[in-house]
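**Q**
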Amino acid sequence: IAGITQAPTSQILAAGRRMTLRCTQDMRHNAMYWYRQDLGLGLRLIHYSNTAGTTGKGEVPDGYSVSRANTDDFPLTLASAVPSQTSVYFCASSQQGSGANVLTFGAGSRLTVL
Amino acid sequence: QKEVEQDPGPLSVPEGAIVSLNCTYSNSAFQYFMWYRQYSRKGPELLMYTYSSGNKEDGRFTAQVDKSSKYISLFIRDSQPSDSATYLCATTHNAGKSTFGDGTTLTVKP
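Here the protein sequences come in this chain order: R and X. When you read off a place in the first sequence, starting at 1, and then add 1234, the result is the number in the working numbering. When you read off a place in the second sequence, starting at 1, and then add 16, the result is the number in the working numbering.
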């Protein structure tokens, strides 16, 4: 089934540890995104990539880094996790330049930082 | 001020009711207006979208955009328990990035 695969589904992490959330898409979309979703704050864009080899900062990039070595993969790394990074993380992709730029989302990664 | 403001809810209605979900936006450059539906512990998925002002109907769902008042609405007719979810409005302009409202959680009671 075409779509986005995120891993892990959920994770409990000690503060200060490094963590990478994985995201893979099989739709050959050019653009990919990472959002975090928190109660009362909605979806907030962390980082994005318009095409392989390029990345950009979103609304809340601090404490996170991304890379886009190829079209399909867009990992999100927390270098040193803090409790405020407890959230549900969604990876998404779209075909930019197609007008509406409809996003396809993964199922999410639920991260708890203690 | 957020670029997209959504009526927060939560909203609880009996089965068969007509539901109205609403958002306002501030940036007149927005051209595409989307509604995403998110079931509990799942990712959002596109329900429908419209371009510029006007109405778009898809079965029991109607999306309405009024660019003069910067108002976005989603109407659900004959609501069903399976419609229980969080609904997120979103807008996009030429730069391609989407801006989301915070979502309204709807519960349809049998």
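C-beta: ideal position from N, C-alpha, C; glycine also. Note that the structure is a prediction, hence the values are computed from the model and not measured.
Report buried or exposed for Lys113/X, applying the criterion of at least 16 other Cβ atoms within 10 angstroms of its Cβ.
**A** By the neighbour-count rule (16 or more Cβ atoms within 10 Å), Lys113/X is buried.
**Q** Give me the chain X residues within the contact set of Gly1274/R, using Cβ-Cβ distance strictly less than 9 Å, ordered along the chain.
**A** By Cβ distance, chain X contributes Pro24 and Asp118.
**Q** Kindly indicate the opening and closing residues of the beta strand (DSSP E) around His1281/R.
**A** Looking at the DSSP string, the run of the beta strand (DSSP E) that includes His1281/R is Gly1276 to Ser1283.
**Q** Please name the residue, chosen from Thr1243/R, Ala1286/R and Asn1335/R, that lies closest to Leu1345/R on a Cα-to-Cα basis.
**A** Here the closest residue by C-alpha is Thr1243/R.
**Q** Can you check whether the C-beta of Leu62/X is within less than 7 Å of a C-beta belonging to chain B?
**A** Absent from the structure is chain B; the protein chains it does hold are R and X.
**Q** Given 8 Å as the limit, is there contact between the stretch 41-49 of chain X and the stretch 76-93 of chain X, that is, 3 or more CB pairs closer than that?
**A** Flag = yes, the stretch 41-49 of chain X and the stretch 76-93 of chain X touch.
**Q** Got a sec, what are the start and stop residues for the beta strand (DSSP E) Gly75/X sits in?
**A** Premise fails: Gly75/X is in no beta strand (DSSP E) and is neither H nor E.
**Q** How would you label Val1316/R, buried or exposed, when you count the other beta carbons within 10 angstroms and need 16 or more for buried?
**A** Classification of Val1316/R: exposed, given that the 10 Å Cβ count is below 16.
**Q** Which chain R residues sit within Cβ distance under 8 Å of Tyr65/X?
**A** Within chain R, the residues near Tyr65/X are Ala1334 and Val1336.
**Q** Tell me which residue opens and which closes the beta strand (DSSP E) that Met1261/R is part of.
**A** Met1261/R -> no beta strand (DSSP E), and no H or E assigned at all.
**Q** Helix, strand or coil: which one does DSSP assign to Pro1317/R?
**A** It is helical.
**Q** For Leu104/X, which residues in chain R fall below 9 Å Cβ to Cβ?
**A** Simply Gly1276 and Leu1277.
**Q** Opposite Glu61/X in the DSSP bridges: which residues?
**A** Looking at the DSSP assignment, Glu61/X forms a beta bridge with Arg53/X.
**Q** Confirm, please, whether the CB-CB distance from Gly119/X to Thr102/X is below 7 Å.
**A** Yes, these two residues count as a Cβ contact at 7 Å.
**Q** Name, please, each residue of chain R whose Cβ falls closer than 9 Å to the Cβ of Tyr48/X.
**A** The contacting residues are Gly1333, Ala1334, Asn1335 and Val1336.
**Q** Please report the straight-line C-alpha distance between Pro126/X and Pro24/X, rounded to a whole angstrom.
**A** In a straight line, the C-alpha of Pro126/X is about 23 Å away from that of Pro24/X.
**Q** Output the boundary residues of the beta strand (DSSP E) element that contains Asn43/X.
**A** Where Asn43/X is concerned, there is no enclosing beta strand (DSSP E), given that its DSSP letter is neither H nor E.
**Q** Short check: CB of Pro60/X to CB of Leu27/X, under 7 Å?
**A** Contact flag unset, no.
**Q** To the nearest angstrom, how far is the alpha carbon of Thr1254/R from that of Ser1314/R?
**A** In a straight line, the C-alpha of Thr1254/R is about 11 Å away from that of Ser1314/R.
**Q** Under 7 Å between the Cβ atoms of Met1347/R and Thr1320/R?
**A** The question names Met, but residue 1347/R is Val in the sequence shown. Against a cut-off of 7 Å, the Cβ pair of Thr1320/R and Val1347/R comes out as a contact.
**Q** How close, in whole Å, do the beta carbons of Asn1284/R and Asn1264/R come, if the pair is a contact with beta carbons under 8 Å?
**A** At roughly 7 Å, the Cβ-Cβ gap stays under 8 Å, so Asn1284/R and Asn1264/R are in contact.
**Q** Quick one: what's Glu21/X bridged to in DSSP?
**A** According to DSSP, which records beta bridges pairwise, Glu21/X is partnered with Thr40/X.
**Q** Just the Cα atoms here: how many angstroms apart are Ile1238/R and Val1300/R?
**A** Rounded to whole angstroms, Ile1238/R to Val1300/R spans 17 Å at the Cα level.
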